[in-house]
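Numbering (the UniProt record's numbering), first residue to last: 1 to 139.
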């Protein structure tokens, strides 16, 4: 393998990270590859990186760990964590679904500012005769 200075972060998402590159392992290669497949259909900077990684010498279908190592691919731990964050992928997927199926404005129910249970009603909920002393109420 080449010297550490020649290694390149293949999923560089966070600027100002210039050190501590981690070499790819079989597990990290497969994880990046799996997340790349998910990011290809979503939006954001991660999608741009997934598009780049899907090229022939990257993490595409015909790629292998050896090819990536020969291309001097490595990763920053923070970039790896951000790219493979399942929660972030789920949020992006949810946002994509909302963009595909927007809520129809005409079917949206607008709630009243006050609920009907606490709205002012001059008649009230009790009968006009007192339930305790049986006298008629005076309004």
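Note that the Cβ used here is the ideal one computed from N, Cα and C, for glycine as well.
Inter-residue Cα distance where the pair is residue i and residue j
i           : j           : result
residue 39  : residue 55  : 14 angstroms
residue 65  : residue 25  : 8 angstroms
residue 14  : residue 74  : 14 angstroms
residue 8   : residue 42  : 24 angstroms
residue 28  : residue 96  : 26 angstroms
residue 136 : residue 111 : 37 angstroms
residue 11  : residue 76  : 8 angstroms
residue 100 : residue 130 : 58 angstroms
residue 132 : residue 94  : 57 angstroms
residue 89  : residue 127 : 58 angstroms
residue 33  : residue 72  : 16 angstroms
residue 53  : residue 85  : 17 angstroms
residue 21  : residue 44  : 23 angstroms
Local Cβ density within 10 Å of residue i, reported as buried at 16 or more and exposed below that
i          : result
residue 98 : exposed
residue 91 : exposed
residue 51 : exposed
residue 87 : exposed
residue 49 : buried
Selection from the options that minimises the alpha carbon distance to residue i
i          : options          : result
residue 59 : 85, 77, 31       : 31
residue 82 : 72, 46, 53       : 46
residue 17 : 80, 48, 35, 127  : 80
residue 69 : 6, 48, 134       : 6
residue 67 : 23, 130, 93, 132 : 23
residue 63 : 134, 20, 36      : 36
Beta-ladder partner(s) of residue i, from DSSP
i           : result
residue 131 : Partner(s): none; residue 131 has no beta bridge.
residue 9   : 74
Limits of the alpha helix (DSSP H) - the one that residue i falls within
i          : result
residue 65 : 65-70
residue 53 : 45-53
residue 99 : 86-100
Enclosing beta strand (DSSP E) for residue i [first to last residue]
i          : result
residue 23 : 21-23
residue 74 : 73-76
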